[in-house]
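Have a look at the structure below, then the notes.
Protein chains in written order, with the UniProt record's numbering: chain A, 1 to 329; chain B, 1 to 329.
What follows is the structure, given as structure tokens:
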């Protein structure tokens, strides 16, 4: 049995941690809920116990075995203290992901990397996790030369405030009221915002670079060529991705389909004859990555297109982190 | 002065034809509004005249110089009669687009093809037009070897009924009522549907094949490799496209930017430092194609990514058709 802390326990990912620990019967001895001062004192019911949210401090981690960090600036501030206290940190922020000392893990792809941790294990970016699960069987079967990916990312990627902003904007629109964006730079209701996170090198956004560099690290494939365009869409919580893959070896779509059908964590939902393909509304609240619209790319010799959907808060964040914790047991 | 007929005058594209003919001061002598029996008798105010919608019949085109067909099954049924009556048909349906006898025209790309018509000129698919305008300067500057495109298409692509369905679903959701899709195969509010039009060869949709084959025809470039994934998004009327281009020649992004800035029909809206990029909400009701997020694709030697937005009903349909009509004058 482990003593587990959740840092950021009142946010969208933090709340999902609570649900997933219970659902997966994670062997929790003590569950300590930590958040900012503003949320301290809130009561949360979990598995029949009433737990009080405490303010995160450098002393919060005494006796904790596993600290799940939901993301944000708390990671840089408190993860080192958690490690010093003897906890293993599983961190959902981007702070440590590209640190060569920190394993970056998707359990379906590189579970063995967990062993190399020095106190911190990073949970990848949500879009990266979802893509990694879907491309892993193809990587194993045929190798991957190049990926061109365009994303359709839900507002949940901006946390609970993102979800509330889309709700508020749509309700304002329904009443003919004005919409006043605060979380997103522009109105997101009935709109698309082709910029997620800050702009960086080469006019790519940080989100786009995460999909490139994190994927290369997870697969230990620094030469896997990847280019990404990441877009916020007015969807509540599942991310979708249009992924074009050029493989190293020539394989048939039938072989790829078979490898996807057998893969852990993947559900192939792909039947044109009965109009089946993955859609975000119908994949919310699930842990699998859905793959559909699988087809040969006729524009190159060894290419394929696919459409991939996964719940951003669950497999894209909380579930993946708890799966990492399970690997530690 | 020309006698102009609009077939499908009461639909979303038909209504836009009326607006655009007036806005562009098209030299109209008589304007004849045609539609299905259901809409016959409706009165429409245009340029101070009250016009009555008539049922389309094979005799509807006497004395008509230019017949603008908004799309749908009326084209196959009545376009031949219109041609027989001496009219030039500009057809927004997909019926004749790939017919080698029928020019398929985007005025910014291949205006000269208009001359070869034998009575019918086809207006391309909306997503195709928007992409064609954006890639034309790149095609001229550097040649295009391959395109990987993923679309984010508005509900207006399914006509007025599509717009009304999204409105109705969102209003139902706001009140906690159930949503009942009829136009689209599944709920579109807060959802993405990665299937537009019917499935065809290779498990591609007809919409995806249109983007491939129509683009190759417009550019007279049967070897330009194109692969497309087309997706319906809960946006009212502008289509967006994430376009990855591999060029034939090596050119810099600065050169491409310059060619786009000079191009007819293109507005470059691209400034990361002031958070500027094209968005569908802000491009509705305009005739230009907006290009942003222009950047080098580091995954190949001669690649670029860009984000392109255009009003599906205007440049993607009605404006392009009226521009073709202007070429005929």
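Cβ coordinates follow ideal geometry from the N, Cα and C atoms, glycine included.
From a predicted model like this one, the values you see are computed outputs, not experimental measurements.
Does DSSP classify residue 180 of chain A as helix, strand or coil? Along the first chain, read from residue 1 onward, the residue named residue 180 of chain A stands at position 180. Coil at residue 180 of chain A, not helix or strand.
Just verifying my parser: in three-state terms, what is the DSSP assignment at residue 311 of chain B? Counting from one through the second chain, the residue named residue 311 of chain B turns up at place 311. Residue 311 of chain B: strand per DSSP, three-state reduction.
Grab me the residues of residue 136 of chain B's own chain with a C-beta within less than 7 Å of its C-beta, minus the 5 sequence neighbours each way, in chain order. In the second chain, residue 136 of chain B corresponds to position 136, counting from 1. Once the five neighbours on either side are set aside, the close Cβ partners of residue 136 of chain B are 108, 109, 263.
Can you name, in chain order, every residue of its own chain whose Cβ lies under 7 Å from the Cβ of residue 197 of chain B, other than the five neighbours on each side? In the second chain, the residue the question calls residue 197 of chain B occupies position 197. If we look at residue 197 of chain B and ignore the five residues flanking it on each side, its Cβ neighbours are 205, 206, 207.
Against residue 209 of chain A, what residues of chain B qualify as contacts under a CB-to-CB distance less than 7 Å, listed in chain order? Your numbering for residue 209 of chain A matches position 209 in the first chain. Going along chain B, no residue has its Cβ under 7 Å from residue 209 of chain A, so there is no contact; the nearest lies around 10 Å.
Counting Cβ pairs, one atom from each stretch, are 3 or more of them under 8 Å apart for the stretch 115–122 of chain B and the stretch 208–223 of chain A? no
From the beta carbon of residue 187 of chain B, is the nearest beta carbon of chain A less than 7 Å away? As a working note, residue 187 of chain B is residue 187 in the second chain. Yes, because at least one Cβ of chain A sits closer than 7 Å to the Cβ of residue 187 of chain B.
CA-CA distance, residue 161 of chain B and residue 19 of chain B? Taking the second chain and counting its residues from 1, the one referred to as residue 161 of chain B is at position 161. Taking the second chain and counting its residues from 1, the one referred to as residue 19 of chain B is at position 19. Each residue's Cα considered, the two are about 19 Å apart.
List the DSSP bridge partners of residue 6 of chain B. Counting from 1 along the second chain, the entry for residue 6 of chain B is found at position 6. B:33, B:68, per the DSSP bridge assignment.
Taking only three categories from DSSP, how would you classify residue 306 of chain A? The residue you call residue 306 of chain A lines up with position 306 of the first chain. Looking at residue 306 of chain A - three-state DSSP - the assignment turns out to be strand.
Alpha carbon to alpha carbon, what distance is there between residue 219 of chain A and residue 100 of chain A? The residue labelled residue 100 of chain A in the question sits at position 100 within the first chain. The residue labelled residue 219 of chain A in the question sits at position 219 within the first chain. Distance between the alpha carbons of residue 100 of chain A and residue 219 of chain A is about 14 Å.
One question on the structure: do residue 234 of chain B and residue 188 of chain B come within less than 7 Å of each other, judged by their Cβ atoms? Along the second chain, one-based indexing puts residue 234 of chain B at 234. Along the second chain, one-based indexing puts residue 188 of chain B at 188. Yes, the Cβ-Cβ distance between residue 234 of chain B and residue 188 of chain B is below 7 Å.
Pick out the complete alpha helix (DSSP H) segments inside the stretch 146–233 of chain A, 4 residues or longer, and give them in chain order. 159–174, 206–218
Please decide whether residue 257 of chain A counts as near chain B, where near means a Cβ-Cβ distance under 7 Å. By one-based count along the first chain, residue 257 of chain A stands at place 257. Residue 257 of chain A does not count as touching chain B.
Residue 202 of chain B touches chain A at which residues, Cβ-Cβ below 8 Å? Translated into the one-based positions of the second chain, residue 202 of chain B becomes position 202. In chain order: 295, 296, 298.
Tell me which same chain residues have a C-beta within less than 7 Å of the C-beta of residue 104 of chain B, skipping the five on either side of it? Stepping through the second chain from its first residue, residue 104 of chain B is reached at position 104. Closer than 7 Å at the Cβ level, and outside the excluded window around residue 104 of chain B, lie 97, 122, 124, 214, 217, 218.
Using only CA atoms, which one of B:209, B:289, B:3 lies nearest to residue 87 of chain B? Your numbering for residue 87 of chain B matches position 87 in the second chain. With distances taken between Cα atoms, residue 87 of chain B lies closest to B:3.
Inter-residue Cα distance where the pair is residue 167 of chain B and residue 159 of chain B: Here residue 167 of chain B corresponds to residue number 167 of the second chain, with the count starting at 1. Here residue 159 of chain B corresponds to residue number 159 of the second chain, with the count starting at 1. Taking the straight line joining both Cα atoms gives about 13 Å.
State yes or no: is the C-beta of residue 239 of chain A within less than 7 Å of the C-beta of residue 323 of chain A? As a first step, residue 239 of chain A must be located in the first chain, where it is residue number 239. As a first step, residue 323 of chain A must be located in the first chain, where it is residue number 323. Cβ atoms of residue 239 of chain A and residue 323 of chain A: not closer than 7 Å.
Indicate whether at least one CB of chain A lies closer than 7 Å to the CB of residue 229 of chain B. On the second chain, position 229 is the one that residue 229 of chain B refers to. Chain A contact via Cβ: present.
Which bits of chain A does residue 236 of chain B rub up against, with CB to CB less than 7 Å? Here residue 236 of chain B corresponds to residue number 236 of the second chain, with the count starting at 1. Those are 190, listed as they occur along chain A.
Let me confirm a value: residue 10 of chain B is counted as buried when at least 16 other C-beta atoms fall within 10 Å, else exposed. Which label applies? What you label residue 10 of chain B is simply residue 10 of the second chain in a count that begins at 1. Per the 10 Å Cβ criterion, buried.
Should residue 182 of chain A be labelled buried (16 or more other beta-carbon atoms within 10 Å of its own) or exposed? Residue 182 of chain A sits at position 182 when you count from the first residue of the first chain. By the 10 Å Cβ count, residue 182 of chain A comes out exposed.
Would you identify the three-state DSSP class for residue 237 of chain B, choosing helix, strand or coil? Here residue 237 of chain B corresponds to residue number 237 of the second chain, with the count starting at 1. Looking at residue 237 of chain B - three-state DSSP - the assignment turns out to be coil, as it is neither helix nor strand.
Put residue 106 of chain B into one of helix, strand or coil per three-state DSSP. For this step, residue 106 of chain B is matched to residue 106 along the second chain. If DSSP states are grouped into helix, strand and coil, residue 106 of chain B belongs with coil.
Got a sec? Which residues, its chain only, sit under 7 Å from residue 126 of chain B by beta carbon, not counting five neighbours each side? Start at 1 with the first residue of the second chain, and residue 126 of chain B comes out as number 126. So the qualifying residues of the chain are 157, 239, 312, 316, 317.
Taking 7 Å as the limit between beta carbons, can you name the residues of its chain near residue 141 of chain B, skipping five residues before and five after? The residue labelled residue 141 of chain B in the question sits at position 141 within the second chain. Answer for residue 141 of chain B: 251, 255, 256, 259, listed in chain order.
Using a Cβ-Cβ cut-off of 7 Å, state whether residue 144 of chain A counts as contacting chain B. Residue mapping note: residue 144 of chain A aligns to position 144 of the first chain, counting from 1. Not one chain B Cβ lies under 7 Å of residue 144 of chain A.
Please confirm if the stretch 242–250 of chain A is in contact with the stretch 165–179 of chain A, defined as three or more CB-CB distances below 8 Å between the two stretches. no
Taking only the alpha-carbon atoms, compute the straight-line gap between residue 129 of chain A and residue 111 of chain B and give it to the nearest angstrom. As a position in the first chain, residue 129 of chain A is number 129, starting the count at 1. As a position in the second chain, residue 111 of chain B is number 111, starting the count at 1. Using only the alpha carbons, I get a separation of about 46 Å.
Of all the CB atoms in chain B, is at least one closer than 7 Å to the CB of residue 184 of chain A? The count along the first chain starts at 1 and reaches residue 184 of chain A at position 184. By this cut-off, residue 184 of chain A is not an interface position.
Taking one C-beta from the stretch 300–311 of chain A and one from the stretch 223–230 of chain B each time, how about it: are there three or more such pairs within less than 8 Å? yes
Answer yes or no: do residue 278 of chain A and residue 309 of chain A have a C-beta to C-beta separation smaller than 7 Å? If you number the first chain from 1, residue 278 of chain A lands on position 278. If you number the first chain from 1, residue 309 of chain A lands on position 309. Yes; because the gap between Cβ atoms is below 7 Å, this pair is in contact.
Within 7 Å, strictly: CB atoms of residue 241 of chain A and residue 267 of chain A: Locating residue 241 of chain A in the first chain gives position 241, counting from the first residue. Locating residue 267 of chain A in the first chain gives position 267, counting from the first residue. No; because the gap between Cβ atoms is not below 7 Å, this pair is not in contact.
Between residue 173 of chain A and the rest of its own chain, which residues show a CB-CB distance below 8 Å, the 5 nearest in sequence each way excluded? In the first chain, counting from the first residue as 1, residue 173 of chain A sits at position 173. Excluding sequence neighbours, residue 173 of chain A sits near 179, 189, 190.
Would you kindly work out how many angstroms separate the C-alpha atoms of residue 326 of chain B and residue 76 of chain B, rounded to a whole number? As a first step, residue 326 of chain B is located in the second chain; it is residue number 326 there, counting from the start. As a first step, residue 76 of chain B is located in the second chain; it is residue number 76 there, counting from the start. Taking the straight line from one Cα to the other gives about 24 Å.
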